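Protein chains in written order, with our numbering: chain A, 1270 to 1596; chain B, 1270 to 1596.
Right, here's the structure in full:
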């Protein structure tokens, strides 16, 4: 699946993932009115409105981008009907040939992490049969619980040739509260038994997680020289950290949130890419799916929200290409 | 809800939460056969089997314990039908008067964390109406993304008088990979401009998260002197860390996993409690729900899995009471 992602990025020339993070306030009035007329102002009505909205976005952009990233929280808030729309969206995007990154940020320990891995990427056993649960191509994973929490995902990734993106340095303002903490290196004994100062270089926590991502990736590689099944999330809002992490994890694809609405710009993105122009995929959510609400794309109107999204994707593709050409 | 939990612990004299983490291998044969006969070996069949199994456990233990903790991963792996059983289990346990802790380990940023908070603890808006999604009483939250990820939960907790348990020091063997890292304290300038050595005491990451839990709790307290809405997860397998964290977070309830099957013993638990005998609630999952598979309770047989669970709860209550009496 990482090879499919790489091939699709090459083909579209767009290292872009469209975040399908629908909020009711983004859904055009004609869509929510129709859904509420049919299902009432209910969880089912909201789920139907979001499904129709998503379908319009996907139909407008599927040929331009390699991947989409539905954010499960935005569906989970509407309970079971919302999660049914999540699943329907995943399935529809795959039908359209898109790579689907489930932004689920799961992570637990042992058999519990295995259940998440199985439910989102793999197959669960029921008696003598096996079934896919949500069946995304990639998911995002939270590393706070350590290797116990991540390794069950690696096992399923190897079986299914799918992948994960581990949260390393997230795009939000307070991400540094834990992730930037300077961690004492384990003291190493020098030859004469004294402490070796070379062993005591402190580093921020995100670098330690980045090193883990690189190590997990070594265990989980489709073939020699390719990108690994283990990627990382590093926010566009932290380009300097992106530069460092790019070097620490040369074989990891970096999923870069925070472009556009959160403040990241094209020029900030260049550090996340390798020399081959690959190795990063940049997410934009409301900048694309709610483009019609921006002044720049207001001419499309509510009814033209899909076309507005398409224009926004093209503008983003050009912004990134220009930044990469200028580096 | 924290006051309800405290009152129920006092009444039952059992600071115990039963982890409803069903695995198909725990479900007695007569239950899965009946479910598969009706629904086939399908996701629906598995979801039905788990529902019937859960109901038998809850019916057998609801008068003995204050709370249950369904682990959502074990349901999510069966896709939508599994999540329907999760919701049905939450609702049934609440009908039985139990406090429900959704072990969901969610955590994201800004509006996304808000969506999780709304979906699991609060109400979501659809047009002019409001609906509860999953409607647990408490959920577990992952702190890796920082305050941005936790604060939306605090807002909903204050509105709904519900609570969260933040992962601080988890029970698994590799939890130390990040959580135990020694973090450099921010250097503080002394009066003469030199570095103040008092400012440079290093501490493990879990202590920093514990301090955050205490601070978030200060903002989110039902009344003066009570326990706060912000609790913490600290594994029974780390009693020394439990002792330290108990002091750092005096007003936080500690949810303690890792008792029983993971190796934690009654004597290890005493450090997690305050002098008032409160402040901690100990989880056991398979040690109770699959008690009938242990030699000690084999006499109950598969059909008697509920009674076996009841006996296991009583034994656990006595183990904890004896340990607390001996301290």
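Glycine included, C-beta positions come from ideal geometry on N, C-alpha and C. As the structure is a prediction and not an experimental result, all values here were calculated from the model.
Please check if any C-beta of chain B sits within less than 8 Å of the C-beta of residue i.
{"i": "residue 1464/A", "result": "For residue 1464/A, the pLDDT reaches just 49, beneath the cut-off of 50, and the residue's location in the model is therefore unreliable, although a value from the coordinates is still provided. No, residue 1464/A lies away from the interface with chain B (no Cβ there is under 8 Å from its Cβ)."}
{"i": "residue 1446/A", "result": "yes"}
{"i": "residue 1408/A", "result": "no"}
{"i": "residue 1467/A", "result": "Reliability of the predicted coordinates at residue 1467/A is poor, the pLDDT of 49 falling under 50, and the value obtained from them is presented with this limitation in mind. Answer no: the Cβ-Cβ gap between residue 1467/A and chain B never drops below 8 Å."}
{"i": "residue 1645/A", "result": "No statement about residue 1645/A is possible, as the shown extent of chain A runs from 1270 to 1596 and does not include it."}
{"i": "residue 1378/A", "result": "yes"}
{"i": "residue 1543/A", "result": "no"}
{"i": "residue 1421/A", "result": "no"}
{"i": "residue 1497/A", "result": "no"}
Using the Cβ count rule (16 or more neighbours within 10 Å means buried), how would you classify residue i?
{"i": "residue 1284/A", "result": "buried"}
{"i": "residue 1552/B", "result": "buried"}
{"i": "residue 1299/A", "result": "exposed"}
{"i": "residue 1348/B", "result": "buried"}
{"i": "residue 1290/A", "result": "buried"}
{"i": "residue 1484/B", "result": "exposed"}
{"i": "residue 1272/B", "result": "exposed"}
{"i": "residue 1332/A", "result": "exposed"}
{"i": "residue 1433/A", "result": "buried"}
{"i": "residue 1444/B", "result": "buried"}
{"i": "residue 1386/A", "result": "buried"}
{"i": "residue 1597/A", "result": "In the structure as shown, chain A starts at 1270 and stops at 1596, and residue 1597/A therefore has no counterpart that could be examined."}
{"i": "residue 1397/A", "result": "exposed"}
{"i": "residue 1587/A", "result": "exposed"}
{"i": "residue 1568/A", "result": "exposed"}
{"i": "residue 1476/B", "result": "buried"}
Spatial neighbours of residue i within its chain, please: CB distance less than 7 Å, with the 5 preceding and 5 following residues excluded, ordered by chain position.
{"i": "residue 1593/B", "result": "1539, 1542, 1546"}
{"i": "residue 1355/B", "result": "1339, 1341, 1344"}
{"i": "residue 1419/A", "result": "1410, 1412, 1435, 1485"}
{"i": "residue 1532/B", "result": "1506"}
{"i": "residue 1447/B", "result": "1474"}
{"i": "residue 1595/B", "result": "none"}
{"i": "residue 1480/B", "result": "1517"}
Using a threshold of 8 Å, state whether the C-beta atoms of residue i and residue j are closer than that.
{"i": "residue 1359/A", "j": "residue 1403/A", "result": "yes"}
{"i": "residue 1381/B", "j": "residue 1342/A", "result": "yes"}
{"i": "residue 1556/B", "j": "residue 1529/B", "result": "yes"}
{"i": "residue 1450/A", "j": "residue 1474/A", "result": "yes"}
{"i": "residue 1391/B", "j": "residue 1338/B", "result": "no"}
{"i": "residue 1371/A", "j": "residue 1407/A", "result": "yes"}
{"i": "residue 1510/B", "j": "residue 1438/B", "result": "yes"}
{"i": "residue 1336/A", "j": "residue 1286/A", "result": "yes"}
{"i": "residue 1581/A", "j": "residue 1566/A", "result": "yes"}
{"i": "residue 1585/A", "j": "residue 1431/A", "result": "no"}
{"i": "residue 1242/A", "j": "residue 1440/A", "result": "Because chain A is modelled from 1270 through 1596, residue 1242/A falls outside the range shown and cannot be assessed."}
Starting from the C-beta of residue i, find all residues in its chain whose C-beta is less than 6 Å away, skip the five residues before and the five after it, and write them out in chain order.
{"i": "residue 1482/A", "result": "1435, 1499, 1501, 1518, 1521"}
{"i": "residue 1490/B", "result": "1497"}
{"i": "residue 1314/B", "result": "1304, 1305, 1308"}
{"i": "residue 1428/B", "result": "none"}
{"i": "residue 1494/A", "result": "none"}
Would residue i pass as an interface residue toward chain A - the criterion being a Cβ-Cβ separation below 8 Å?
{"i": "residue 1343/B", "result": "yes"}
{"i": "residue 1356/B", "result": "yes"}
{"i": "residue 1458/B", "result": "In this prediction, residue 1458/B has a pLDDT of 45, which is less than 50 and means its spatial position is unreliable; nothing more can be read from the coordinates."}
{"i": "residue 1310/B", "result": "yes"}
{"i": "residue 1570/B", "result": "no"}
{"i": "residue 1416/B", "result": "yes"}
{"i": "residue 1461/B", "result": "Confidence at residue 1461/B is low in this model, with a pLDDT of 48, below 50, so the placement of that residue should be treated as unreliable; the coordinate-derived value is given next. For residue 1461/B, the answer is no, since every Cβ of chain A falls outside 8 Å of its Cβ."}
{"i": "residue 1553/B", "result": "no"}
{"i": "residue 1315/B", "result": "yes"}
{"i": "residue 1384/B", "result": "yes"}
{"i": "residue 1374/B", "result": "yes"}
{"i": "residue 1522/B", "result": "no"}
{"i": "residue 1360/B", "result": "no"}
{"i": "residue 1529/B", "result": "no"}
{"i": "residue 1412/B", "result": "yes"}
{"i": "residue 1296/B", "result": "no"}
CB-CB under 8 Å to residue i, same chain, minus the five flanking residues each way: which ones, in chain order?
{"i": "residue 1353/B", "result": "1316"}
{"i": "residue 1571/B", "result": "1297, 1298, 1299, 1561"}
{"i": "residue 1374/B", "result": "1409, 1410, 1411, 1436"}
{"i": "residue 1578/B", "result": "1287, 1326, 1329, 1330, 1557, 1558, 1560, 1561"}
{"i": "residue 1312/A", "result": "1347, 1348, 1349, 1350, 1351"}
{"i": "residue 1417/A", "result": "1378, 1379, 1382"}
What alpha helix (DSSP H) runs, 4 residues minimum, are completely inside the stretch 1524-1548 of chain A?
-> 1535-1538
Ranges of the beta strand (DSSP E) found wholly within the stretch 1459-1523 of chain B, counting only runs of at least 3 = 1499-1503
Could I get the ranges of all uninterrupted beta strand (DSSP E) runs contained in the stretch 1273-1326 of chain A, with 3 residues as the minimum, in chain order?
-> 1285-1289
With a floor of 3 residues, list each beta strand (DSSP E) that falls wholly inside the stretch 1356-1385 of chain A, ordered by position along the chain.
-> 1368-1375
Contained alpha helix (DSSP H) runs [length at least 4] in the stretch 1431-1458 of chain A, N- to C-terminal order | 1445-1448
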